[in-house]
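Numbering (the working numbering), first residue to last: 4 to 137. The beta-carbon is built from N, C-alpha and C at its ideal position, and this holds for glycine as well. Have a look at the structure below, then the notes.
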């Protein structure tokens, strides 16, 4: 019933992140004379205080750009029939209703045809618009 290891790792990770951020900000913004006065004389060049975040942000932007580009390249164009049908498409099978009785079997799973989608989406709307005009 004690604390879970994931909670401990989360706490340690949070504290480590806060300490690392504080050390980075002290190194980046405190003048060198102050660092030397408290005995810190060996640290990286201040160039890296700007370079590392800049390179990181640019790497993220480029990775997102490549990811979006790969998605565009791997997606078929909107006019392609591959956007509606592929090797996993299932046509509705012939379904026999049992005579009599209220218990009917569940229809086999299949894709809804585009003609049914268009009928549901547009024919009902057209009927409503015609009724509204009258």
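Are the Cβ atoms of residue i and residue j separated by less than 9 angstroms?
i: residue 30; j: residue 52; result: yes
i: residue 38; j: residue 50; result: no
Just checking my contact of residue i with residue j at CB under 8 angstroms: how many whole Å lie between their CB atoms?
i: residue 86; j: residue 95; result: Actually they do not touch by this definition, with Cβ atoms about 20 angstroms apart.
Go through its chain and collect everything with a Cβ distance to residue i's Cβ below 6 angstroms, but skip five positions before and after it.
i: residue 24; result: none
Take residue i and list the residues in its own chain whose beta-carbon comes closer than 8 angstroms to its own, dropping the five residues that flank it on each side.
i: residue 133; result: none
CB-CB under 7 angstroms to residue i, same chain, minus the five flanking residues each way: which ones, in chain order?
i: residue 68; result: none
Measuring CB atoms only, is the region 80 to 96 touching the region 107 to 114, in the sense that at least three cross pairs come out at less than 8 angstroms? yes
For the region 74 to 81 against the region 56 to 65, are there 3 or more C-beta pairs whose distance is under 8 angstroms? no
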